[in-house]
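What follows is one structure encoded as structure tokens, with my remarks underneath.
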Amino acid sequence: MGLGQKLEDARNRKGISIREATESTKIRSDYLSSFEAGDFNINLPEVYLRGFVRLYAHYLGLDHDAIVADLEVELGMSSQNQRKSLGSITSNEMSDTKDSSPSTKKNSLRSANRALIPKVVLAVAAVIILLVPVLFLVISNDSDSEVMFAEENNDLTVAEKTPEISEVSAQGILLNNELKLATIGPIERLIICDEGETPKKYHEFSNLPIGWEKAIEFKNSFRCYSSSLENLRFAVDDGPEKKAEGTGAGNFSWTK
28 MGLGQKLEDA RNRKGISIRE ATESTKIRSD YLSSFEAGDF NINLPEVYLR GFVRLYAHYL
88 GLDHDAIVAD LEVELGMSSQ NQRKSLGSIT SNEMSDTKDS SPSTKKNSLR SANRALIPKV
148 VLAVAAVIIL LVPVLFLVIS NDSDSEVMFA EENNDLTVAE KTPEISEVSA QGILLNNELK
208 LATIGPIERL IICDEGETPK KYHEFSNLPI GWEKAIEFKN SFRCYSSSLE NLRFAVDDGP
268 EKKAEGTGAG NFSWTK
């Protein structure tokens, strides 16, 4: 039996509608319908996909670890099918290339050579244009060296202060925010998405006990998913501890 059929049968046994499941789990109804149809190629990061399937399986009273294992198999089969289709396209392209005549190849080489000549000329011109300012700077530095030695003390003072200013500016630019998390009750699933990173960075935690604490660095903004919002507390940098809005499963975000 496929994974989607298992989920649908479990929901039907409980006499629960898709709408009721959505209200209880806070998972969108179109996602739940796709899960039960066995379609897991939806626009979601895999970490969120696994989390939602695990939460839905737990809600239906199924072994969520076994369900997640079935999901891994489904995802693996999907990626294999994609690789096969890519392989067939590549083989067709290779056969088309073999069928091309020698005269066509010669014409292509001539066209490529003619197209390459303007590029070479432009590259040489660009190198010459770049070298002119460099030579000018070298000559200017030589002529200014006498003035620099004559005003050595003043120049040293400025040179010493400039790195300090640049270092402070660099530290300000590179400084990350800190997210402090704490639980006042058990949380089955917690996912933090650092939306300031490129690509986005995810932190995933499972089966968190009461009193669990964690500090995570992030850039400018984050999004949080928790299976029990009422049991989560958070603080940003040196700010006060806050309570996550809502109860049960849900999301919230913070932006600098």
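In the numbering used here, the protein residues as written are 28 to 283.
We put the beta carbon where it would ideally sit given N, CA and C, even for glycine.
Item, Value
"Classification of Val-159 by the beta-carbon crowding that lies within 10 angstroms, buried from 16 upward", "exposed"
"Given 8 Å, three or more beta-carbon pairs between the segment 34 to 51 and the segment 68 to 76", "no"
"Ser-255 classed as buried or exposed, judged by whether at least 16 other C-beta atoms fall within 10 angstroms", "buried"
"Ser-248 and Ala-271 closer than 9 Å at C-beta", "no"
"Alpha-carbon to alpha-carbon, Gly-273 and Thr-210", "15 Å"
"Residues bridged to Asn-204 [DSSP beta-bridge criterion]", "Phe-245"
"Ser-115, DSSP secondary structure in three states", "For Ser-115, the pLDDT reaches just 47, beneath the cut-off of 50, and the residue's location in the model is therefore unreliable, although a value from the coordinates is still provided. Of the three classes helix, strand and coil, the one that applies to Ser-115 here is helix, per DSSP."
"Asp-57, DSSP secondary structure in three states", "helix"
"Within 9 Å, strictly: CB atoms of Val-95 and Tyr-229", "no"
"Per-residue burial, Ala-48 [other beta carbons within 10 Å of its own, 16 or more giving buried]", "buried"
"Asn-234 burial status per 10 Å Cβ neighbour count (16 or more: buried)", "exposed"
"Separation of Leu-259 from Asn-204, as counted between CA atoms", "19 Å"
"Proximity below 9 Å, CB of Leu-82 to CB of Glu-257", "no"
"Assigned secondary structure, Ala-271 (DSSP; H/G/I helix, E/B strand, else coil)", "coil"
"Length of the line joining the Cα atoms of Arg-77 and Leu-98", "8 Å"
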